[in-house]
Every structure is written in structure tokens, then in C-alpha cells.
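*Asks:*
Residue numbers (my numbering): 8 to 706.
Right, here's the structure in full:
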């Protein structure tokens, strides 16, 4: 038997059903006995949604009103009635089993499964298998229109069924017409047999992925804006109703090994991927998730691995993976098992532990643990930040793809760490950025992430000639990606006002861009990490005074930043004025030293969110002593690093160590003379090379 099912939501109808995340408001169904060609009673049930605000299209097509829906039953009660009435009709027809049959896949995959998942309702097994009438019709009648172009009306017209939609209530006509189409397919001329139903996976299956696999780019999407604590199961729940490939969720990590709020998801076929793209800006909790196309190469880069040890570790299917971070370097398997205790047994004992090591066998302090069920994993997570030895241990959910990424990162690390690029002063360009209150700048907000300088200049049109030289400043986030904001310096406040009036909400590619007039001071504030909104300025997220670098001093040496980067990201744009108001002639100039990759420092920190349970990594700035200024002014080239043998590397420092503690530690020894900086706090880039959580280099 078939149960022909039709439904509608409070929003979009037809090909966009479910794409706007609106709730179900109508279900209509009828049982069909395929063997005896009989039908049961036709049932129509309204569903009371949490939000009764109906779209204009819904009102026009369905004729339903909020008042009528307000008297209906909620979804969980309607689903109970559905099961009871179907069972009753089957008994009358002398049948026992049935399979759903719907017009396309949207009602089942894009409406029922996502909504019941969000509301924590349990769907019966009948909703995990169904026939797509459009596919069955195209199989029976190959000369008909393509599946994606089929509708109930076009199928009825193809068969010459004389039905008038206006004569029946909304939903009733659709079900009656679908039943007539099914009987036509069962006629002697066709003798169609319903044999291969569509299936919906009950749960996401974890598993390893090899770099040697071939991944179809038409099956992969990128999800952006995920909560930091989300796991692969949370992402699978967001895409509930769609079939994700085994091991097809890969959470992405940034250069520091923290989750960056993105994931690559691989589906079983391109049809499922296309349905996933329709969930763009659907919500996971209070956050909306952006969904874009991705490639198979991107997925393999994140999820693929080559290690036999990792493949063996991940070969145990349907396991919950927990990552442990901060383990003592002397910790053994017995120590970890004892730390977890008998209330959360590890799958396979020692075989369920995977320690992350450097290529030379040194431990990194990370490990992955397998648990057979969610209960054991929850018990383990309760031990977050408990003490093992003399260190607290961080525990959080992980995925197979994260295991691969962490292992790949550490295994690709050189055995002998090399020193970072010599640290030399950054030379400012001859032009400067105004810092006054004159509103001669404009801020562009909502730029497409693919927009570049040329796109902005084209967007500005004739006003391009009024831009100051090197006056376009793109704002990047902590990951080095465009944040969607940019600042432009105009030649005068009048020019800035005209641009804001002319270009505000003008389209760039497929997005409208907001253009606001602002001052140089406000621009610098935002570029330093502060926020500019209707309520005024919010300061940058810098708690320590030493985190704000002093002003640059000019040097007559070659610049270390490429000309292109220097033109786009001027150092002065990121620097506030000196904190102590002194005359520039009286105050000695200060020098700030940066690594050669300094262009990466010119980012806006506003869009940077840390990955729990840790805090965001900050970048330290230390001014050189006055002697460095004099040396730089008189010498054509002053080497920053000392002679070989004069450099000492310190490892294992407490995280709250400051300069005073280090100087006290070396009391009685003569450290660097004042022709270069004695202590240099390592940047994130240098730290990733030295592979230590926090280090200082002493000269």
C-alpha cells in the first residue's frame, strides 16, 4: 500500500518549499491499495505553527488564515493522529504495511525532518522511506519532462486527466490528482511497479577518509558560521533529512589548531547537495549558517589522511571521539585511562587511545579517545579542566576529520625547528592617514567576500578620481579573509558626503553595499579592532596597554612588506596616537619590530571568535630601546639577530610570564646590549614554527 501525502508551510510553495525555514501548517493524505486499486478515506489536517504569520503566497494559494490555524492541533498531535488514522484505514482495506508517496522530496526532506529535529519530536520509521512520485512518473513515462520540471499539474496534463483545481480545497485536489496519476501508472499499458523507495538516514555514520579517494565536487558544500562547540553530529542534525556520506563531515581548523567555525560536508549525491544549498542561512540555535558550494579537493585536504595508525584508530565505526589537550609529556596510556576512570570506559582499552606525536616521537600533549556511546562521552566531558599530574586537561568533542588534520599538521612539522624570519623594522610609506575628526572618509559595509580593489573602484564609479593615493583599505579578519568591510579616504569631507549619498545600498555583484561617511579617527578605531555602530564607538578588545603598538619611526632601509600589501594595508591605519600627549620633537621616536610576514598583522580583530575552551591568541608588541633608533638611523643595515651561539631559547614558561620574570630569571647574566631588543615575544607565525605554546627568545 501507498500513503499519498501532501503538505504546505506558512512560507514558500512549490520548488522553494522549506527553503525559508517556515513551519508546516497543512497535511493531507490518503491510503491507496495498489493490488486491489482501492483507496481509503481522504484526511485533511491543519497544523498549528508557533508563528502564525503567513506569507502572501501562502495566503493566496492555500486560502488559510491565522485565525483558522490558531484552532488547529500542534505538529506532534497531528503526527500521532496520522499514524492512528493510517492504521485504521489499512485494517479496513485488509492491508498491513505501507510506504509514503509524495510529490517530490521537499516535504519529507526539507520540511518534516528539519522541523521535527528542531522541536525534538520523534518521527516514526515510515518517514525514513518514501516514493518520489515525480521520479516514478518519469521512469514510467521516459518521454515526459525532466524530474526537476515536473509538478502535479504537468503530470496530470501529460496523462490528459481532466481535473479542475478550483473545484476542490487546497491539498485535497493535489492528493486526488496524485492518486489518479498512480492508478494510470498501474494500468495495463504501463504496469508500473514501485520497487526502489527513497531513504533517509537515521543517523550520521563516522569513518575515515583516505587522500587516495575520489570525491565528486558536485557532492560537497562548505558551511560557515558554525558555533565553536558544534560537533559533527550537530552539523548532521542541521542537515537532518539529507543523506551525508559516511565520514562526510569535516570541521575545519585554523593555523593554531582551533576550529574556525567552518565545516566541509560531503553528501551521497549531487541531488542531496543541491537540497543542502537551499538551507543557506537556516539557523543552528540562534546563529544562521551560510552554505556554499565546495570542491572535492578541499574536502580531501581537510578530511583525507595517509597514516595507517590513524586509519586503524578510526576503523571502529560509530564511535564518539573526544580530544584531550594539555596532557603532561610524560603521560602514559595507563595515566589517561586512570584519569578517565571506570565511569567512562574507552573502546578497546589502550587501542581506543591515540597520542599525537611529532615525527621524532616527542609527545605534543594531545590525544584522541574513542567511546562506544554518548553516555560515556558525556561522562568524560565532565572531567574538563580536571588535574592530571600538575596540569589541567581540556576535553571537547572531536571528529574523524579533526583527527586527520591534527595528525597531518604535526607529522608535516620539521624534525629540527628552524628560527623564524629575522625580525627587522617595518618601514612606513611616505604617505600618512589622517587621524582627525574631519569626516573625509567613507566606510563600505556588506561587501561580497570575493570583492577586490578593482571591484571597489568600479563600484565607486566617477568618484574614483576623488580617492586619495593609497586610500583604499580592505579589512581582514583573524583568519586573513575579507570581513566584508573597507574604508576609503576621500580628498575632502564634501567628496565623502557625495559618495555616501550616491553609492549607499548600490549593488555590487549580487549584494547591496552600505556606504557611510566617517572620520579618520573612527576609521583607525575600527581598523584597530573597535566597532562603529549607531551607539558610537566601542574600544578594541585590548585589555593590556602593551598590546597597542607605538608609532613607527622612519628608516632609510628597504621595506620588508611587498609594495602591493603596503599600498593596501598601511601601518599607520592600525596604530593609535601616542598615549601620553607630548610634543613630537621632545619625545624620542620608538621602533616596533615585526616578522617579515607583517602584512598578516594588519587585520581587524572584531570578527575573530576563539574556539572553546581556550581564549584567542593575542599578538604582543614590544618597543625597541632608544639605542636601536640611533643605530638604525646611522647604519645602512643593522643585523637584528646576534652572532651564532648568542641565542637562547626558553621552553615551558608559565602562560602568565612577563618580561620582569624573565629578567629576574637571568639575573647576574649580561643579556643583549641596547643595539637591539633584548626580549622578543614570538608572534603566532613564529610560534607555529617553533612548536611551543608560548616562548620567548632571549638575545
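In this text, a Cβ means the ideal position worked out from N, Cα and C, and glycines have one as well.
Can the beta-carbon of residue 121 be found less than 8 Å from the beta-carbon of residue 247?
*Replies:* Your numbering for residue 121 matches position 114 in the chain shown. Your numbering for residue 247 matches position 240 in the chain shown. Result yes, Cβ atoms of residue 121 and residue 247 sit closer than 8 Å.
*Asks:* Need the endpoints of the alpha helix (DSSP H) that residue 527 sits in, please.
*Replies:* By one-based count along the chain shown, residue 527 stands at place 520. 527 to 534 is the span of the alpha helix (DSSP H), which, as asked, contains residue 527.
*Asks:* What are the boundary residues of the beta strand (DSSP E) that residue 50 is part of?
*Replies:* Looking up residue 50 in the chain shown gives position 43. Counting along the chain, the beta strand (DSSP E) containing residue 50 begins and ends at 50 to 53.
*Asks:* DSSP has residue 239 in a bridge; who is on the other side?
*Replies:* Translated into positions along the chain shown, residue 239 becomes position 232. Paired residues: none, contrary to the question.
*Asks:* Go ahead and pull the three-state DSSP assignment for residue 176.
*Replies:* As a first step, residue 176 must be located in the chain shown, where it is residue number 169. Three-state DSSP puts residue 176 in coil, outside helix and strand.
*Asks:* Spatial neighbours of residue 119 within its chain, please: C-beta separation below 8 Å, excluding the five flanking residues on both sides.
*Replies:* For the purposes of this step, residue 119 is taken as residue 112 along the chain shown, with counting starting at 1. These residues qualify, in order along the chain: 14, 31, 130, 134 and 248.
*Asks:* Give me whichever residues DSSP pairs with residue 514 in a beta bridge.
*Replies:* In the chain shown, counting from the first residue as 1, residue 514 sits at position 507. Under DSSP, residue 514 takes part in a beta bridge, and its partners are 519.
*Asks:* From the DSSP output, in three-state form, read off residue 436 for me.
*Replies:* Position 429 of the chain shown, counted from the start, is the residue given in the question as residue 436. For residue 436, the predicted structure reports a pLDDT of 45, less than 50, and the residue's modelled location is therefore unreliable. A value from the coordinates is still provided. Three-state result, residue 436: coil.
*Asks:* Can you give the Cα-Cα distance for residue 284 and residue 409, rounded to whole angstroms?
*Replies:* Numbered from its first residue, the chain shown carries residue 284 at position 277. Numbered from its first residue, the chain shown carries residue 409 at position 402. Roughly 24 Å between the two C-alpha positions.
*Asks:* Can you list the beta strand (DSSP E) stretches of 3 or more residues lying completely in the segment 255 to 329, in chain order?
*Replies:* 266 to 274, 289 to 291 and 294 to 300
*Asks:* Count the other CB atoms within 10 Å of the CB of residue 141; is the residue buried (16 or more) or exposed (fewer)?
*Replies:* Taking the chain shown and counting its residues from 1, the one referred to as residue 141 is at position 134. Residue 141 comes out buried.
*Asks:* Give the secondary structure of residue 391 by DSSP, where H, G and I count as helix, E and B as strand, and everything else as coil.
*Replies:* If you number the chain shown from 1, residue 391 lands on position 384. In the structure shown, residue 391 sits in coil (DSSP, three-state: anything other than H, G, I, E or B).
*Asks:* With distance defined between alpha-carbon atoms, name the residue in 70, 40 and 123 nearest to residue 99.
*Replies:* Counting from 1 along the chain shown, the entry for residue 99 is found at position 92. Measuring from the Cα of residue 99, the nearest candidate turns out to be 40.
*Asks:* For the segment 58 to 74 against the segment 84 to 98, do three or more pairs of beta-carbon atoms, one drawn from each stretch, fall closer than 8 Å, so that the two count as touching?
*Replies:* no
*Asks:* Please determine if the segment 333 to 350 and the segment 297 to 308 are in contact, where contact requires at least 3 C-beta pairs separated by less than 8 Å.
*Replies:* no
*Asks:* Alpha carbon to alpha carbon, what distance is there between residue 458 and residue 464?
*Replies:* To locate residue 464, count along the chain shown from 1; it is residue 457. To locate residue 458, count along the chain shown from 1; it is residue 451. Roughly 10 Å separates the two Cα atoms.
*Asks:* Taking a contact to mean a Cβ-Cβ separation below 8 Å, would you say residue 460 touches residue 497 in this structure?
*Replies:* To locate residue 460, count along the chain shown from 1; it is residue 453. To locate residue 497, count along the chain shown from 1; it is residue 490. Their beta carbons are not under 8 Å apart, which means residue 460 does not touch residue 497 by this criterion.
*Asks:* Residue 309: which of 276, 315 and 271 sits nearest, CA to CA?
*Replies:* Mapped onto the chain shown, residue 309 falls at position 302. Of the listed residues, the one whose Cα sits closest to residue 309 is 271.
*Asks:* Mind checking who residue 666 pairs with in its DSSP beta bridge?
*Replies:* In the chain shown, the residue the question calls residue 666 occupies position 659. In the DSSP output, where bridge partners are listed per residue, residue 666 has none listed.
*Asks:* Taking one C-beta from the segment 389 to 401 and one from the segment 360 to 370 each time, how about it: are there three or more such pairs within less than 8 Å?
*Replies:* no
*Asks:* Measure the alpha-carbon distance for residue 278 versus residue 224 and round it to whole angstroms.
*Replies:* Reading the chain shown from its first residue, position 271 is the one you call residue 278. Reading the chain shown from its first residue, position 217 is the one you call residue 224. Their Cα atoms are separated by approximately 12 Å.
*Asks:* Does residue 202 pass the burial test, meaning 16 or more other C-beta atoms within 10 Å, or should it be called exposed?
*Replies:* Residue 202 sits at position 195 when you count from the first residue of the chain shown. That one is exposed.
*Asks:* Rounded to whole angstroms, what is the Cα-Cα separation between residue 428 and residue 215?
*Replies:* Here residue 428 is taken as the residue at index 421 of the chain shown, counted from 1. Here residue 215 is taken as the residue at index 208 of the chain shown, counted from 1. Because the pLDDT of residue 428 is 44, which lies under 50, any placement of that residue in the model is unreliable, and the number read from its coordinates should be weighed accordingly. So the two alpha carbons sit approximately 37 Å from each other.
*Asks:* Residue 51 to residue 287, Cα distance in whole Å?
*Replies:* Counted from its first residue, the chain shown places residue 51 at position 44. Counted from its first residue, the chain shown places residue 287 at position 280. Answer to the nearest angstrom: the Cα atoms are 31 Å apart.
*Asks:* Look up residue 145 in the DSSP assignment and say whether it is helix, strand or coil.
*Replies:* Position 138 of the chain shown holds residue 145. Residue 145 falls in the helix class under three-state DSSP.
*Asks:* Compare the Cα-Cα distances from residue 155 to each of 22, 483, 61 and 93 and report the closest residue.
*Replies:* The residue you call residue 155 lines up with position 148 of the chain shown. Ranking the options by Cα distance to residue 155, first place goes to 22.
*Asks:* Using the Cβ count rule (16 or more neighbours within 10 Å means buried), how would you classify residue 53?
*Replies:* As a position in the chain shown, residue 53 is number 46, starting the count at 1. Classification for residue 53: buried.
*Asks:* Looking at C-alpha atoms only, which residue of 297, 127 and 159 is the closest neighbour of residue 233?
*Replies:* Reading the chain shown from its first residue, position 226 is the one you call residue 233. Selected option, being the one with the closest Cα: 297.
*Asks:* Going by C-alpha distance, which of 84, 18 and 669 is nearest residue 58?
*Replies:* For the purposes of this step, residue 58 is taken as residue 51 along the chain shown, with counting starting at 1. Of the candidates 84, 18 and 669, the one whose C-alpha sits nearest the C-alpha of residue 58 is 18.
*Asks:* Using beta-carbon positions only, say whether residue 406 and residue 256 come within less than 8 Å of one another.
*Replies:* The residue given as residue 406 occupies position 399 in the chain shown. The residue given as residue 256 occupies position 249 in the chain shown. It is a contact, given that the beta carbons lie within the stated cut-off.
*Asks:* Under three-state DSSP, which class holds residue 448?
*Replies:* Along the chain shown, read from residue 1 onward, the residue named residue 448 stands at position 441. Residue 448: strand per DSSP, three-state reduction.
*Asks:* Go ahead and pull the three-state DSSP assignment for residue 65.
*Replies:* For this step, residue 65 is matched to residue 58 along the chain shown. In this structure, residue 65 counts as helix in the three-state DSSP scheme.
*Asks:* Can you check which of these residues, 226, 43 and 456, is closest to residue 282 by C-alpha distance?
*Replies:* Mapped onto the chain shown, residue 282 falls at position 275. Answer by Cα proximity: 226.
*Asks:* Short check: CB of residue 306 to CB of residue 273, under 8 Å?
*Replies:* Taking the first residue of the chain shown as position 1, residue 306 is located at position 299. Taking the first residue of the chain shown as position 1, residue 273 is located at position 266. Result yes, Cβ atoms of residue 306 and residue 273 sit closer than 8 Å.
*Asks:* So is residue 34 buried or exposed if we call it buried at 16+ other beta carbons inside 10 Å?
*Replies:* Position 27 of the chain shown, counted from the start, is the residue given in the question as residue 34. Buried, because 16 or more other Cβ atoms sit within 10 Å of the Cβ of residue 34.
*Asks:* Can you grab the Cα-Cα spacing for the pair residue 717 / residue 86, in whole Å?
*Replies:* With the chain covering 8 to 706 only, the question about residue 717 has no answer from this structure.
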